[in-house]
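Residue numbers (the working numbering), protein chains in the order written: chain V, 105 to 261; chain L, 105 to 261.
Protein chains: 2
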Amino acid sequence: MRWDSLADEQCSLARALAVIGDRWTLLVLREAFLKVRRFDDFRENLGIARQVLAERLAHLVEEGVLAKTLYQDNPPRYEYRLTEKGLGLYPAILALVHWGDAHYAGRKGPPLLHRHKTCGHDFRSVMTCSACGEAVDPRAVETHPGPGAARRKRNGG
Amino acid sequence: MRWDSLADEQCSLARALAVIGDRWTLLVLREAFLKVRRFDDFRENLGIARQVLAERLAHLVEEGVLAKTLYQDNPPRYEYRLTEKGLGLYPAILALVHWGDAHYAGRKGPPLLHRHKTCGHDFRSVMTCSACGEAVDPRAVETHPGPGAARRKRNGG
DNA sequence: CGATGTAAGTCTTGAAACAAGACTGAGTCA
DNA sequence: TGACTCAGTCTTGTTTCAAGACTTACATCG
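1. Can you tell me whether residue 256/L is buried or exposed? The criterion is at least 16 other CB atoms within 10 Å of its CB, across all chains shown.
2. So, is residue 243/L buried or exposed, given that buried needs 16 or more other C-beta atoms within 10 angstroms?
3. In chain order, which alpha helix (DSSP H) runs of at least 4 residues are fully inside the stretch 170-232 of chain L?
4. Report back the beta-carbon spacing between residue 214/L and residue 109/V to the nearest angstrom; my notes put them in contact at under 8 Å.
5. Measure the C-alpha to C-alpha separation of residue 241/L and residue 171/V and round it to an integer number of angstroms.
6. In or out: residue 160/L buried (at least 16 other Cβ within 10 Å) or exposed?
7. For residue 190/L and residue 139/V, what's the separation of their Cα atoms in angstroms?
8. Given this structure, state the Cα-to-Cα distance separating residue 142/L from residue 135/L, to the nearest angstrom.
9. What residue range is occupied by the uninterrupted alpha helix (DSSP H) comprising residue 159/V?
10. Using only CA atoms, which one of 249/V, 218/V, 105/V and 206/V lies nearest to residue 205/L?
11. Whose C-beta lies closer than 6 Å to the C-beta of residue 122/L among residues of the same chain, with five residues either side of it excluded?
12. Can you list, in chain order, the residues of the stretch 216-233 of chain L whose Cβ is nearer than 9 Å to any Cβ on chain V?
13. Look up residue 246/V in the DSSP assignment and say whether it is helix, strand or coil.
14. In chain order, what residues of the stretch 192-212 of chain L put their CB closer than 7 Å to some CB of chain V?
15. Roughly how many angstroms lie between the CA atoms of residue 260/V and residue 106/V, to the nearest whole one?
16. Can you name the start and end residues of the alpha helix (DSSP H) that residue 116/V belongs to?
17. Out of 148/V, 185/V, 176/V and 234/V, which has the shortest C-alpha to C-alpha gap to residue 166/V?
18. Roughly how many angstroms lie between the CA atoms of residue 237/V and residue 163/V, to the nearest whole one?
19. Using Cβ-Cβ distances below 9 Å, what residues of the stretch 236-253 of chain L are close to chain V?
20. On the criterion of 16 or more Cβ atoms from any shown chain inside 10 Å, does residue 178/L qualify as buried, or is it exposed?
21. With a threshold of 8 Å, are at least 3 pairs of Cβ atoms found where one atom belongs to the stretch 218-233 of chain L and the other to the stretch 194-201 of chain L?
22. Can you look up residue 239/V in the DSSP assignment and give me helix, strand or coil?
23. Quick one, which of 202/L, 226/L, 209/L and 175/L has its alpha-carbon nearest residue 254/V's?
24. Could you pull out every residue in the same chain whose Cβ sits closer than 8 Å to the Cβ of residue 157/V, ignoring the five residues on either side in sequence?
25. Spell out whether any CB of chain V is found under 8 Å from the CB atom of residue 189/L.
26. On the premise that residue 235/L lies in contact with residue 220/V, defined as a C-beta separation below 8 Å, what is that separation, rounded to the nearest angstrom?
27. At the 8 Å Cβ level, is residue 154/L part of the contact set with chain V, yes or no?
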């Protein structure tokens, strides 16, 4: 399979990865969540090649994850902001960050903490069940085909 | 910045991506979560080049995400199983799957559903706060440097 | 006026990663 | 004996990436 045919897969993970699975894309989004909005700020913070950044931003805009808006007319200058759809990626990113914290932080601890403004405490994200509200253990999950499942040979989820 | 120097970043997301940010890696892990354990099953389900699969599996084993164990002596045959560390990626993967479901499932609905065995219901994962137990809105999170933060020019989270 | 600076890119070039498929080796099945 | 399975390695051509030079349009400084 080619990477660029991922979007045609029936699997939701594959479709998500077609959008954010490219190299650098999640790091670009990390910057966006840290309120970075301008081309050169992204480029400087990430040390990414301009061309790659331009491609990633254009792709994310095309997919509706970021919105590109003019913030100045003369000369035209643009900024990139997360859309609602983009904000929807926060749980995934935070889960990865906390996994990184758990397994790769030095003995001093994590480099960045997240505070829940609502309750005022630093927190880790906990995956809970939308049905019963309890924390979910990976071993307590089983999968079964949903309404959008196609008859197929390949797995898809 | 080079992609292969990601692991040296202080940012936990970068470190996580150094492990699972390669093309195909998350799809390999999806298969692992769907109980796939053998080389050729991974290869067939994913349609991935053998060489790339061999590399990805080796890398995941090296990082302790998968464990490679002999399940047959003659000829030697190995299987790849998720470790505890690997299971720790489930929240991130599920968050991505649910994001894909929300934005890219056809009108029929998601191709795969997840059932919480503990309560018996199909569910979506909800990101909740480890401190107060409430669901967390991305806008209600603010970040601040943690104990492992280095003085630095670049952002890191 | 001319020089310098900034923002948001495009172009070029060489290096690395990927895709596809042939090949290998040890053992099994008919 | 010949075909088949599993878990890879090897080869070849294509695509993507990294790094940096170049471009365009405007702003400011002297």
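Every residue, glycine too, gets a C-beta built ideally from N, C-alpha and C.
On the basis of the coordinates in this document:
1. Residue 256/L sits at position 152 when you count from the first residue of the second sequence. In this prediction, residue 256/L scores a pLDDT of 44, lower than 50, which makes its location untrustworthy; the coordinate-derived value is nonetheless stated afterwards. Residue 256/L comes out exposed.
2. On the second sequence, position 139 is the one that residue 243/L refers to. Exposed.
3. You should have 188-191 and 194-208.
4. Taking the second sequence and counting its residues from 1, one reaches residue 214/L at position 110. Taking the first sequence and counting its residues from 1, one reaches residue 109/V at position 5. About 20 Å separates the two Cβ atoms, so there is no contact after all.
5. As a first step, residue 241/L must be located in the second sequence, where it is residue number 137. As a first step, residue 171/V must be located in the first sequence, where it is residue number 67. Between residue 241/L and residue 171/V, the C-alpha separation is close to 20 Å.
6. Within the second sequence, residue 160/L is the residue found at index 56, counting from 1. A buried status is given to residue 160/L, since no fewer than 16 other beta-carbon atoms sit within 10 Å of its beta-carbon.
7. Walking along the second sequence from the start, residue 190/L turns up at place 86. Walking along the first sequence from the start, residue 139/V turns up at place 35. Roughly 31 Å separates the two Cα atoms.
8. For the purposes of this step, residue 142/L is identified with residue 38 of the second sequence, where counting begins at 1. For the purposes of this step, residue 135/L is identified with residue 31 of the second sequence, where counting begins at 1. If you take the alpha carbons of residue 142/L and residue 135/L, they lie about 10 Å apart.
9. For the purposes of this step, residue 159/V is taken as residue 55 along the first sequence, with counting starting at 1. For residue 159/V, the uninterrupted alpha helix (DSSP H) segment begins and ends at 154-166.
10. Here residue 205/L refers to the residue found at position 101 when the second sequence is read from its first residue. Among 249/V, 218/V, 105/V and 206/V, the Cα nearest to that of residue 205/L is on 249/V.
11. The residue given as residue 122/L occupies position 18 in the second sequence. Leaving aside the five residues that flank residue 122/L on each side, the residues in its chain whose CB is nearer than 6 Å to its CB run, in chain order, 110 and 111.
12. Taking 9 Å as the Cβ-Cβ cut-off against chain V, the residues of the stretch 216-233 of chain L that qualify are 216, 217, 218, 219, 220, 221, 222, 223, 224, 225, 226, 227, 228, 229, 230, 231, 232 and 233.
13. Counting from 1 along the first sequence, the entry for residue 246/V is found at position 142. When secondary structure is reduced to three states using DSSP, residue 246/V falls in the strand class.
14. 192, 193, 194, 195, 196, 197, 198, 199, 200, 201, 203, 204, 205, 206, 207, 208, 209, 210 and 212: these are the residues of the stretch 192-212 of chain L whose beta carbon lies less than 7 Å from some beta carbon of chain V, given in chain order.
15. Taking the first residue of the first sequence as position 1, residue 260/V is located at position 156. Taking the first residue of the first sequence as position 1, residue 106/V is located at position 2. Low confidence applies here, because residue 260/V scores a pLDDT of 37, under 50, leaving its location unreliable and the question unanswered by this model.
16. Here residue 116/V is taken as the residue at index 12 of the first sequence, counted from 1. For residue 116/V, the uninterrupted alpha helix (DSSP H) run begins and ends at 116-124, by DSSP.
17. Position 62 of the first sequence, counting from 1, holds the residue named residue 166/V. By alpha-carbon distance to residue 166/V, the top candidate from 148/V, 185/V, 176/V and 234/V is 185/V.
18. Counting from 1 along the first sequence, the entry for residue 237/V is found at position 133. Counting from 1 along the first sequence, the entry for residue 163/V is found at position 59. Approximately 35 Å, taken between the alpha carbons.
19. Taking a C-beta cut-off of 9 Å against chain V, the contacting residues of the stretch 236-253 of chain L are 236, 237, 238, 239, 240, 241, 242, 243, 244, 245, 246, 247, 248, 249, 250, 251, 252 and 253, listed in chain order.
20. Translated into positions along the second sequence, residue 178/L becomes position 74. That one is exposed.
21. For the pair of segments examined, the stretch 218-233 of chain L was found to touch the stretch 194-201 of chain L: the number of CB pairs separated by less than 8 Å reaches three.
22. Here residue 239/V refers to the residue found at position 135 of the first sequence. Residue 239/V falls in the strand class under three-state DSSP.
23. For this step, residue 254/V is matched to residue 150 along the first sequence. Ranking 202/L, 226/L, 209/L and 175/L by Cα distance to residue 254/V puts 209/L first.
24. Start at 1 with the first residue of the first sequence, and residue 157/V comes out as number 53. These residues qualify, in order along the chain: 128, 132, 143, 146, 147 and 150.
25. Indexing the second sequence from 1 puts residue 189/L at position 85. Taking CB atoms only, residue 189/L has a neighbour in chain V less than 8 Å away.
26. The sequence position of residue 220/V within the first sequence is 116, counting from 1. The sequence position of residue 235/L within the second sequence is 131, counting from 1. Their Cβ separation, rounded to whole angstroms, is 6 Å, which keeps residue 220/V and residue 235/L in contact under 8 Å.
27. Here residue 154/L refers to the residue found at position 50 of the second sequence. Chain V contact via Cβ: absent.
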